[in-house]
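Novice: Residue numbers (the working numbering), protein chains in the order written: chain A, 957 to 1260; chain B, 104 to 557.
Below are the structure tokens for one structure; questions will follow.
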Amino acid sequence: MNVSFQENLGNGASYTAVLNAESETIHENGIFKVPVYKDGVEKGYFADLCGFRVKSKELKGLGSKMLEVTDGLINMARMPRHVFVARRAKRVFPIYTVGNEVMATTSGGPVFRHVELAKLREYMTDYLHEAEVLGDKGLSDKLHVRGASLSTLQLRRPVFYLKKRIAGEQEFWAPVFETENLDGLYTYAASDRREIKNEYGGKGVLVLTRIVAEALKTEKRLKDVYDLRPDRLQPDFWEKLKPNLVEAGSAKINGKDVDMFTSDGLHVGLEYREEEERYGLFLADSASELESRMSSDFSRRGIG
Amino acid sequence: MNVKALRTVRMIVSGLIIAMTFAVAGAAFAQDGIEFSAGEIAFAIDNFVMFICAVLVLFMQAGFAMVEAGFNGGKNTINILFKNLMDMSLGGILYFLVGYGLMYPGFAEGSAGIFGFGGIGVTPSTDIVADYLPTNEVDFLFQVAFAATAATIVSGAVAGRMQFRSYLVYSAVLTALIYPISGAWKWGGGFLDTMGFYDFAGSLIVHAVGGFAGLAGAIVLGPRIGRFNKDGSANAMPGHNITAATLGVFILFIGWFGFNPGSVLAMTGTASTIAVVVTAVNTFLAACAGAIGAMILSYFVNSGKPDLSIALNGLLAGLVGITANADGVTSFSALAIGFIAGLLVVGGMVLLERLQIDDPVGAWPVHGLCGIWGGLATAIFGHPGTAGIGVQLLGSVIYASWAFITMFGVFYALKAAGILRVSKTEELEGLDIGEHGGVSYPEFGSTTAFPAGD
């Protein structure tokens, strides 16, 4: 494993660190181009490797530290494809992908392994609370999931989340990420990795949601396919989806203004979540059903 | 060492081997003008073989230590090794003082054959024992190794969360009281022996007693932190050294050739010699079949991939299963007994997971479940020594219940006293630091602190 530095290549960073871990990892080329930034306050440099920050006064020193951290991050000859971030505890937990499963290891403790990131997060959260890493249960940190780019080792937010929140039923949650080459979307749900390519254009969000919903229904974890909906959709993906929908007016549900759309018989309700600057979508077969679904979800969340 | 010195050492060793061969193979020979009778030679050979077998069984402690340490996290290594050491040291002395007398009380004619005491310690041998049976001393060495085996089975089941002082209390109770009393019911001529119950080398008496005591300990202690999720699913908690675990299983395998063939208690005479070799072959075959049975089934419970740790437990399961009957079943029966034991051990591990009982090394599936299987297989496969399936079943229920109930009481009392389980912090940082103030592998500690990004 070695590291070299290239001057700014136009990505906003001061340098690009080229980390070569070809012989240590199973990844296709094993070369990671990590942006390095100047630290104006401490007069040095820093870089983030899958959420782990490395700092040094000199580039050379930064390089050695990057190698050390990368060495620590490699597990089962892999770099993490995701991480869980506990902001308050200032901890980052790397998540590795083996086949269609995601996996997290702990030192001398359990190995968490599941096909769903959501389940893995649930198990790890319980364990880390029990181990008092995250502080008191219910009062402290949550684990936030992020994707890790295999080309730059930078963290990526989920494009949206698949969510099922129905009273009296087991909840479901799964983050959806862009694929490594940005040519599709994927998620780990219903006992498998589910991926679609970009041929669906902006409608990929709805297509993937339906694929996962059908799979969950087959596993008897979902009664109605519309109980699963895309939530916290990134604005640029909403902008890609919007041209594929037909506007169907707006409505006031529980005192909140929402826009309505249709698409091939599907009714789509849009909720703008101001605090996160993201969009929540609701799906149904008819306008009345859609309003009913939105109303009950808003009520559950104390809106209106 | 130079070549000349090496050659001298080789000559001395070769000479010793030749001398020993003559000692055990000769019909009678003179030493300092004294003639030995055939009986005296037989007596010497039988005691010599028994002594070697006792040493082999004692060596199994090393095997247990490696298996348990290897199958557990590195942060508990000192604790596990220490427990194994104390099972033999503390348990051995208590067995000498009390246990041996309880196990061989010399039940009086007409007594119920449940409890008796033959006295403290071991009566010194002064002459050839009737029928050239082993001397009390060598018999004690053989039996104390069995007692240590029964005790140390529990160590793995309670690994990673039990206080050391509580473990010493448990170990003392098991080796001084529970195991010897249960041994007396069969090997001491007690009521199960009278009823025609058969357990050649201790599938039930040694292994099921240890396995069910371990199950009691695992239940009362509760699972390790992180072993089970709220939805009932289990997380793997891999051991830190599969190499040590594998070595341990091979040591146990070798030690079992003292455990089972040694239980013939003699080597001289055609019948004894044949019994020893038949027992040895059956022991070998059952072990191999157990490993294969477990490996095959592990394909189905491990997403289509064979699991080494399960196969290792399968080998041990085969050994436990054949221990009750190795002297009197056919080779093909031994293969079947071992193979079924290999399947059972996997089933037992799955069952424990479903019940959310945390047995880190699979002590109950291997020793408890397969111990019972060994007892039942004795009748199922037509061992001539048993009075039938009914008495074998009765013996199984009695041994399992005796060990489970008594030890459940002991563990529960320790829990009530607040000294059973270590604190959460201690469990997470490892028992090596909390219980013993040491670190097993200081060289491998992480020196890098990773700060998080935003």
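Each residue gets a CB set at the ideal place from its N, CA and C atoms; glycine is no exception.
Between which two residues does the beta strand (DSSP E) containing residue 1045/A stretch?
Specialist: Residue 1045/A -> no beta strand (DSSP E), and no H or E assigned at all.
Novice: Going along chain B, which residues have a C-beta under 7 angstroms from residue 1087/A?
Specialist: The contacting residues are 328, 531.
Novice: So what does DSSP say about residue 1219/A, is it helix, strand or coil?
Specialist: strand
Novice: Pick from 368/B, 196/B, 263/B, 430/B: whose alpha carbon is nearest that of residue 382/B?
Specialist: Out of 368/B, 196/B, 263/B, 430/B, 430/B has the C-alpha closest to the C-alpha of residue 382/B.
Novice: Check the Cβ-Cβ distances between residue 259/B and every residue of chain A, and say whether any is below 8 angstroms.
Specialist: no
Novice: Could you check how far apart the C-beta atoms of residue 1067/A and residue 338/B are, in whole angstroms? I think they sit under 8 angstroms.
Specialist: 6 angstroms
Novice: If you measure from the beta carbon of residue 1199/A to each beta carbon in chain B, is any gap under 8 angstroms?
Specialist: no
Novice: Among 1017/A, 1127/A, 993/A, 1225/A, whose alpha-carbon lies nearest the alpha-carbon of residue 1178/A?
Specialist: 1127/A
Novice: Going by DSSP, what residue range makes up the beta strand (DSSP E) through residue 1012/A?
Specialist: 1008 to 1012
Novice: Just verifying my parser: in three-state terms, what is the DSSP assignment at residue 289/B?
Specialist: helix
Novice: Quick one, which residues of the stretch 167 to 183 of chain B are near chain A if we go by CB-CB under 7 angstroms, in chain order?
Specialist: 176, 177, 178
Novice: According to DSSP, is residue 210/B helix, strand or coil?
Specialist: coil
Novice: Where residue 961/A and residue 972/A are concerned, what is the direct C-alpha to C-alpha distance, given to the nearest angstrom?
Specialist: 6 angstroms
Novice: Can you grab the Cα-Cα spacing for the pair residue 361/B / residue 302/B, in whole Å?
Specialist: 16 angstroms
Novice: Kindly list the residues whose CB is nearer than 6 angstroms to the CB of residue 484/B, restricted to its own chain and excluding five residues on each side of it in sequence; keep chain order.
Specialist: 432, 436
Novice: Nearest chain A C-beta to residue 545/B closer than 8 angstroms, yes or no?
Specialist: no
Novice: At a CB-CB cut-off below 8 angstroms, which residues of chain C make contact with residue 340/B?
Specialist: Absent from the structure is chain C; the protein chains it does hold are A and B.
Novice: For chain B, find out if any of its Cβ atoms is closer than 8 angstroms to the Cβ of residue 1079/A; answer yes or no.
Specialist: yes
Novice: Is the shortest distance between the beta-carbon of residue 1052/A and the beta-carbons of chain B less than 8 angstroms?
Specialist: It does not: the Cβ of residue 1052/A has no partner Cβ on chain B nearer than 8 angstroms.
Novice: Determine, using beta carbons only, whether residue 332/B comes closer than 8 angstroms to chain A.
Specialist: By the rule that beta-carbons nearer than 8 angstroms mark a contact, residue 332/B touches chain A.
Novice: With a threshold of 16 other CB atoms inside 10 Å of the CB of residue 1162/A, please say whether the residue is buried or exposed.
Specialist: buried
Novice: Could you give the residue range of the beta strand (DSSP E) that holds residue 1069/A?
Specialist: 1067 to 1070
Novice: Using beta carbons (cut-off 8 angstroms, strictly below), is residue 1083/A in contact with chain B?
Specialist: yes
Novice: Going by Cα to Cα distance, which pick from 1013/A, 1070/A, 1116/A, 1090/A is closest to residue 1048/A?
Specialist: 1090/A
Novice: Considering only residues of the same chain and omitting the five flanking positions on each side of residue 190/B, which have a CB-CB separation below 6 angstroms?
Specialist: 251, 254, 255, 274
Novice: Can you check which of these residues, 1080/A, 1233/A, 1210/A, 1204/A, is closest to residue 1255/A by C-alpha distance?
Specialist: 1210/A
Novice: Would residue 149/B and residue 369/B be called neighbours here (beta carbons separated by less than 8 angstroms)?
Specialist: yes
Novice: On a Cα-Cα basis, can you pick out the residue from 1062/A, 1069/A, 1104/A that is closest to residue 1054/A?
Specialist: 1069/A
Novice: Please state the DSSP three-state secondary structure of residue 1190/A.
Specialist: Residue 1190/A: coil per DSSP, three-state reduction.
Novice: Return the first residue and the last residue of the beta strand (DSSP E) that residue 1235/A is part of.
Specialist: 1234 to 1240
Novice: Which value, in whole angstroms, describes the spacing of the CA atoms of residue 543/B and residue 176/B?
Specialist: 10 angstroms
Novice: What residue range does the beta strand (DSSP E) around residue 976/A cover?
Specialist: 971 to 976
Novice: Name the one or two DSSP bridge partners that residue 364/B has.
Specialist: Paired residues: none, contrary to the question.
Novice: Quick check on residue 528/B: buried or exposed, where buried means 16 or more other Cβ atoms within 10 Å of its Cβ?
Specialist: With fewer than 16 other Cβ atoms within 10 Å, it is exposed.
Novice: According to DSSP, simplified to helix, strand and coil, what is residue 1116/A?
Specialist: strand
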